[in-house]
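Here the sequence shown is numbered in the numbering used here, starting from 351 and rising by one per residue.
Shown next, in structure tokens, is the structure this report addresses.
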Amino acid sequence: MSATPSPSPSRTTGIPLHLDRWVLPPGWRWGDEGVVTPHRHSMQVIDAFGRSLALVTAPDPAHEAWLFAEARQLAHRNHPSIPTTYHFWRRYRESPRGPGYLRRWVAGETVTAHLRRIRTETVPYMLRVLRAAGSALAYLHDAGTTHGAVSPDTIYTTPAGRLYLLGWQWAVPLDALPAGLRPDPAAVPTPRELVSGPWRPTPASDQWQLGAVCFAMLTGELPPRIEVPPIRWVRPDCPASVAELVDSALAPEAGDRFFNLAAMLRQIERISGTGTPLVVGVDQSSGEYRAVSEEDRLRWATGDDYEVLASLGAGQFGSVWRVRDLSLEREVALKMLHPNVARNEDAVARFRREARLAAQLKHPAIVPIYAWDSKGDVSWYIMEVQEEGSVADLVARQGPRTIAEIAPHVDAVLDGLALAHANGIIHRDIKPENILIDRYQQWRLSDFGIANALGDDKTGASGTPAFAAPEQLLGEAQGVGADLFAVAGIVIFALTGALPFGGGDARAILAQQLAKRVDLSVFPPELADWLRRALEPDPDRRFADAATMRREWRALTRELQRQERRATRWSRVWKSVRRFFTKPR
């Protein structure tokens, strides 16, 4: 395959031609994907510590000096939205690698890809992106440099709510750029002063480009280069104060924009107040605190201890947020009950039990719990943030996975379940959204929200219908088999991208389960037999426990790997034979 420039980042698989002769250091291995951007290719590599890194290279050998200038600039930067750069491999005659540099691998999607899925974004989300990207740009400007290519294609958001600014090939001194090259105006919004004149980016042009990203998030389209319409003409529900902010950043004349990005960021805080756009924290008639949004409630309750950074998602009972622990200076995940649930004492008790049970389980495949607390009608607990999102995010982002990829992760999840079950805890809501992925690509169980101790009442409908066992959907007594049934469903989902028993309501799914209508013909016979046993409607006919299921999983994956190696050897032999007989005589 080749890595040719494209106006937008595109995913690749396999090793590109310009890396074909590279030899990684001992203990390192190639990852599963790469990303092509204009004049650059980023290939995922896993180092000897198991970290996921990006190997950034220039497919054109003539761009080696440019690549080094980019790496040098990045190596001197230290900001949360700028990925850490570790090392530059130079090209030497005796070296099996180079040139290229290593930085943190960013798993996520660009703002462009995000908008392609949902069309437009909310004002609060736009302001969160503006804060993070604006902070990074202000940091650059204070250091005397510019970015030059801020666009929906160079801003990445991760499943765990982090934002990264990429596109660093343009953030180099102008004399380091190859003659005649500049960002593609089809992908990078360009202010008027750069359209008509030479490409010499300034802090003011960076500000205009950031404003253009905000315009795109609110309208679904980049603004025209000339005569940008007021944002409220195309997004009438945009609050006046936010519209004024975006319109000022997109002013045609550089002198009419904010004096600098620091001034723009101060304006955002004046708009947000508590950090939530246009939220009034106090009822003026009664003088009492009155929360009008979930984020506002959270900021009010946790403001002394945590800084709220981003929303990570929400479920039936609660929402999850990325926050910064102000006392320990680390980023963590915070799970908070929805306000309508928090008023229910039974729900709060179950929520506290979730934190207490999960905190007892110490295992690499289980997300650790750090603390539980409450204030007023707000209850929450703190857990380790998982940078790569969930298995659901992974499949949505990259499609179905291979057996070789998921084999060690399913093994670890089953080992974690064996520990939980040995401690009298059944999860009862295992689903792709509840299996999170850390920065080392390890799968980890989370959200024991409806788990019960084995000695407690184990009846009642629970779980998510698509992955719940029949006894759960029927409201019958549930044992460890319910969790094992769900794991099998997740294996099918990870390998195919489809729900094991299709969509529909719980009644339709239950009918499919009881009739054993699940298509296993697409899997190797060994795997199909394993799945068939785990998905038995009768819990007594499934695996006896997680440890047994894990042993069988290990045996079948070893057999499949052996078959694959044998097929690969025969394929090589057959190719050699064909070359021999087709060689000209």
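Every residue gets a Cβ at the ideal spot worked out from N, C-alpha and C, and that includes glycine.
Check	Outcome
Please look up how many angstroms separate the CB atoms of Leu513 and Ser431, rounded, as I've assumed it's under 8 Å.	5 Å
When the Cα of Ile621 is compared with those of Met733, Arg867, Val592, which residue comes out closest?	Val592
Would you be able to state if there are at least three C-beta pairs under 8 Å between the region 740–753 and the region 767–774?	no
Of the residues Leu676, Phe565, Pro815, Met733, which one's Cα is nearest the Cα of Met686?	Met733
In chain order, what are the residue ranges of uninterrupted alpha helix (DSSP H) at least 4 long that sit wholly in the region 448–531?	461–468, 473–492
Does DSSP put Thr752 in a helix, in a strand, or in coil?	coil
Counting Cβ pairs closer than 8 Å, one from the region 571–581 and one from the region 483–496, do we hit at least three?	no
Which value, in whole angstroms, describes the spacing of the CA atoms of Pro586 and Met393?	42 Å
Leaving out five residues before and five after Val522 in sequence, what residues of the same chain have Cβ atoms less than 6 Å from its Cβ?	Ala419, Glu420, Gln423
Name the residue from Thr435, Trp439, Pro889 whose alpha carbon lies nearest to the alpha carbon of Leu369.	Trp439
Rounding to the nearest angstrom, what Cα-Cα distance links Ala905 and Ile859 in this structure?	30 Å
Is the Cβ-Cβ distance between Leu560 and Leu615 less than 8 Å?	no
Determine the closest residue to Glu383 out of Ser796, Arg778, Gln822, Arg747, with distance taken between C-alpha atoms.	Arg747
Around the Cβ of Ala705, are there at least 16 other Cβ atoms within 10 angstroms (buried) or fewer (exposed)?	buried
Using only CA atoms, which one of Leu711, Leu678, Asp727 lies nearest to Ala697?	Asp727
Measure the C-alpha to C-alpha separation of Asp908 and His759 and round it to an integer number of angstroms.	The residue asked about is misnamed: residue 908 is Arg in this sequence, not Asp. C-alpha separation (whole angstroms): 14 Å.
With a threshold of 6 Å on Cβ separation, who are the neighbours of Pro541 within its own chain once the five nearest residues in sequence on each side are excluded?	Ser555, Trp558
Output the boundary residues of the alpha helix (DSSP H) element that contains Gln828.	Here Gln828 belongs to no alpha helix (DSSP H), and DSSP marks it neither H nor E.
Compute the Euclidean distance between the alpha carbons of Gly517 and Val500, then round it to the nearest angstrom.	8 Å
Measuring alpha carbon to alpha carbon, tell me which of Asp761, Val584, Asp503 ends up nearest Val837.	Asp761
Should Asn610 and Pro553 be called a contact, given that it needs their Cβ atoms to be closer than 8 Å?	yes
For Phe843, name the three-state secondary structure that DSSP assigns.	helix
Determine contact between the region 815–823 and the region 839–859, defined as no fewer than three beta-carbon pairs at a distance below 8 Å.	yes
By DSSP, does Gly766 sit in helix, in strand, or in coil?	helix
Which class does Ile618 belong to by DSSP, given the choice of helix, strand or coil?	helix
Could you pull out every residue in the same chain whose Cβ sits closer than 8 Å to the Cβ of Arg900, ignoring the five residues on either side in sequence?	Asp761, Leu764, Asp765, Ala768
Are the beta-carbon atoms belonging to Tyr451 and His437 less than 8 Å from one another?	yes
Closest to Ala463 by C-alpha separation, out of Thr504, Pro449, Arg441, Tyr442, would be which residue?	Thr504
Whole alpha helix (DSSP H) runs in the region 536–584 with 4 or more residues, listed along the chain?	542–546, 553–569, 581–584
For Leu659, report the span of its beta strand (DSSP E) as first-last.	656–664
Tell me, please, which residues DSSP counts as bridged to Glu902.	Partner(s): none; Glu902 has no beta bridge.
Could you check what DSSP says for Val760 in three-state terms: helix, strand or coil?	helix
Does DSSP classify Ile859 as helix, strand or coil?	helix
Relative to the alpha-carbon of Ile842, which residue among Val830, Leu864, Arg882, Leu823 has its alpha-carbon at the smallest distance?	Arg882
Short of 8 Å in beta carbon distance, which residues of its chain neighbour Thr508, apart from the five on each side in sequence? Order them along the chain.	Val456, Ala457, Gly458, Tyr514, Glu737, Glu738, Gly739
For Thr434 versus Tyr506, is the C-beta distance shorter than 8 Å?	no
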